[in-house]
Structure formats: structure tokens, C-alpha cells
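Student: Input: one structure, supplied below.
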Amino acid sequence: MLARLLLACSCLLALAGAARADACTLVTELETGRVLKREGDCERRSSPASTFKVPLSLMGFDSGILEDEDEPAWPYRPEYKSWNEAWKGTKNPRSWLKDSVVWYSHVLTRELGEQRFKRYADAFGYGNRDVSGDRGKANGLTRAWLSASSLQISPVEQIAFLRKLLKQELPVSGKARDMTLAIMPVFPLPDGWTAYGKTGTGFQPRRDGTFDRSRQFGWFVGWAQKGERRILFARLIRDERKENSVASFRARDGLLAELPALIAD
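Residue numbers 33 to 297, in the working numbering, belong to the letters of the sequence shown in order.
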């Protein structure tokens with residue numbers, strides 16, 4: 033009887049956890065395309081949030097606005113009004129990706145300008161390619177990739193973009209690709225593997241297009257590498273209720289915990 037009660041309780045807890053979040057996990061081999069795991073709705077699009085810093089890095093280095101891992105070093109200004117203390121102070125390309133600094137992205141996109149920004153998004157075939165921003169507000173340079181704004185991408189499309197990046201199939205210079213790979217956040221894994229990935233968090237959209245601060249979404253996208261073997265991954269979480277922890281950190285930590293078993297030789 034006790035065993036039956038424990039089993040029933042565990043099933044109820046699992047169902048409750050599933051009801052709290054809608055998630056996709058997609059893990060594939062780069063070279064063969066073999067799917068190691070596909071779970072959830074991986075075709076549904078969402079805002080890329082700070083995972084968009086990866087294509088932004090390519091744009092910045094390819095255009096010459098970004099120079100290397102340490103330059104340009106742009107100072108924080110009070111008018112940026114950053115709520116995150118980690119975003120304050122002088123930032124360079126490496127710390128921009130590491131700390132996911134929003135204002136650094138805005139300085140970069142303004143330097144790019146609307147025409148170049150749109151040309152790159154189109155050339156990359158990134159998601160729905162819509163960098164117009166919030167409807168009727170002409171703010172694409174600073175808003176397009178955030179929360180409920182115009183740019184949308186699915187986990188399947190995230191994997192497709194990463195595949196083109198690693199196979200050198202994007203229309204950018206070799207330096208742009210190499211510098212972007214050099215500044216990606218690094219996560220050591222067991223058995224000689226290393227993961228490279230970017231998180232992204234935002235609020236889910238309501239039907240009227242505004243965003244719901246009570247429900248987050250969270251990404252973790254990137255790849256793991258050991259020698260010549262490379263594994264692409266994308267996880268997207270959509271919370272069904274208010275959570276106190278950051279959705280992208282939950283996506284990252286959960287996937288990093290699962291990866292060793294999925295990619296074991």
C-alpha cells in the first residue's frame with residue numbers, strides 16, 4: 033500500500049511539473065544530422081531574446097564595428113538605466129556575451145543602422161527575419177529580438193542557424209566567425225567534452241501583443257564538442273505560471289545536466 037501511495041504521489045508531482053512549463057529539447061549531431069533527443073513542440077517560434085547576441089556578434093565583427101575579444105571597450109552611461117549591476121561598467125565583446133549586456137547590443141545595432149541590420153538578418157535566414165520591432169513604434173534596432181517584439185525563431189531554426197555557423201555557411205568573414213566562437217560562454221562537461229552556449233530570457237506575449245510579466249520563457253542554445261565530434265542543442269522553456277527563478281538558467285542547468293548521457297561515446 034505504501035509503495036502504491038508513493039508511486040501515485042510521484043506521478044502527480046511529475047504531472048504538476050509538466051503543467052508548469054511547456055518545453056522543447058532538441059539535440060542533434062552536427063556532422064550526421066542524427067537526432068539524439070527531440071521532445072516537445074520544437075517548431076513553435078518565440079522571441080530569441082539574448083540568444084540573438086550570437087548573430088549580433090557575427091554582424092558586429094563582420095562589419096568591423098567589433099574588433100576582437102577585448103575591443104571595443106564601451107563605457108556604461110547613466111542613460112542606459114540598467115537594472116542589472118553586472119551590466120554597469122566598461123564592457124567589451126567577451127564580457128558582453130558573458131554577462132548578456134543589453135545596452136552593449138543597443139550600441140552595436142545603432143552603429144550597424146537599420147539597413148545593414150536588416151540585410152544581415154535576411155542573409156542569415158534567421159527565424160522569421162522580421163527586425164522591424166514593436167508594431168508601429170519603429171524601434172527595431174533596440175527591441176526586435178526582445179520578449180513580444182517582431183523577431184521570432186523556433187528551436188528547429190536555432191539549430192539550423194548554429195549548423196550554418198559551425199559549418200562556415202553564413203555570409204560573413206572567417207574573422208567574424210572565429211571571433212564569435214572565441215567569445216561564446218564556455219561550460220566544461222565530463223569525459224573531455226566542452227559546451228558552448230548562450231542563454232536568453234524574456235516574458236511571454238499576450239494575445240494583444242503586450243508581454244505578460246507573470247510568465248517567462250527561457251532559452252539555452254549552442255553546441256558541445258570533443259575532438260572532431262560536435263553536438264548541437266536547443267532548449268526552450270515557456271512557464272505556465274509565475275516562477276521566482278530565471279527561465280533561461282533553468283533551461284541551461286537542466287540541459288547541461290542531461291547532455292553527458294545523451295552524447296556519451
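Just so you know, even glycine gets a beta-carbon here, dropped at the ideal spot from N, CA and C.
1) Pull the bridge partners of Tyr-112 from the DSSP assignment, please.
2) Identify whether Ser-78 lies in helix, strand or coil by the three-state DSSP scheme.
3) Check for me: the alpha helix (DSSP H) holding Tyr-158 runs from which residue to which?
4) Does Gly-49 come out as helix, strand or coil in the three-state DSSP assignment?
5) Suppose you measure from the CA of Leu-58 to the CA of Arg-284; what does that come to, to the nearest Å?
6) According to the Cβ coordinates, are Leu-88 and Leu-140 closer than 9 angstroms?
7) Given that a residue counts as buried once 16 or more other Cβ atoms are within 10 Å of its Cβ, and exposed if not, what is Gly-21?
8) Leaving out five residues before and five after Asn-191 in sequence, what residues of the same chain have Cβ atoms less than 7 angstroms from its Cβ?
9) Check the DSSP bridge columns for Val-311 and list the partner residues they point to.
10) Looking at Arg-261 and Ile-295, is the spacing between their C-beta atoms short of 9 angstroms?
11) Comparing alpha-carbon positions, which option in Trp-115, Ala-81, Pro-292, Ala-105 lies nearest Pro-222?
12) Considering only residues of the same chain and omitting the five flanking positions on each side of Lys-196, which have a CB-CB separation below 7 angstroms?
13) Could you name the residues that DSSP lists as bridge partners for Arg-262?
14) If you run the structure through DSSP and keep just helix, strand and coil, what is Arg-267?
15) Could you tell me if Arg-175 is buried or exposed, where buried requires 16 or more neighbouring beta carbons within 10 angstroms of its beta carbon?
16) Is Gly-121 near Pro-110, with beta carbons less than 9 angstroms apart?
17) Over what stretch of residues does the alpha helix (DSSP H) that includes Lys-123 continue unbroken?
18) Where does Gly-145 fall in DSSP's three states?
19) I'd like to confirm the pairing. Which residues does DSSP put opposite Thr-233 in its beta bridges?
20) Would Tyr-328 pass as a contact of Glu-189 if the rule is Cβ separation under 9 angstroms?
21) Quick check on this structure: which residue in Glu-146, Asp-73, Gly-145, Met-211 has the alpha carbon closest to the alpha carbon of Arg-126?
22) Quick one: give me the first and last residue of the alpha helix (DSSP H) that Pro-292 is part of.
23) Quick check on the DSSP output: the alpha helix (DSSP H) that includes Pro-187 runs from which residue to which?
24) Using only alpha-carbon positions, find the residue among Leu-183, Leu-198, Pro-187 that is nearest to Leu-90.
25) Determine, using beta carbons only, whether Ser-205 and Cys-74 come nearer to each other than 9 angstroms.
Tutor: From the atom records:
1) According to DSSP, Tyr-112 bridges with nothing at all.
2) Correct three-state label for Ser-78: strand.
3) No alpha helix (DSSP H) contains Tyr-158, which DSSP labels as neither H nor E.
4) Note that Gly-49 has pLDDT 41, beneath the 50 cutoff, so the model's placement of it is unreliable and no number is given.
5) 13 angstroms
6) yes
7) The structure shown does not extend to residue 21, since the chain is modelled only from 33 through 297, so no value can be given for it.
8) A quick correction: the sequence has Ile, not Asn, at residue 191. Within the same chain, Ile-191 has close Cβ partners Leu-58, Thr-60, Leu-264, Ala-266.
9) Missing from the structure shown is residue 311; the chain here goes from 33 to 297 and no further.
10) Contact annotation: Ile-295 and Arg-261 have beta-carbon atoms nearer than 9 angstroms.
11) Pro-292
12) Only Leu-202 meet the Cβ criterion.
13) Gln-257
14) The three-state reading of DSSP puts Arg-267 in strand, counting E and B together.
15) buried
16) Cβ distance not < 9 angstroms, so Gly-121 and Pro-110 don't count as in contact.
17) Note, Lys-123: premise wrong, no alpha helix (DSSP H); not H, not E.
18) helix
19) According to DSSP, Thr-233 bridges with Gly-250.
20) For residue 328 there is no data in the structure shown, the boundaries of the chain being 33 and 297.
21) Met-211
22) 279-294
23) 187-198
24) Leu-198
25) no
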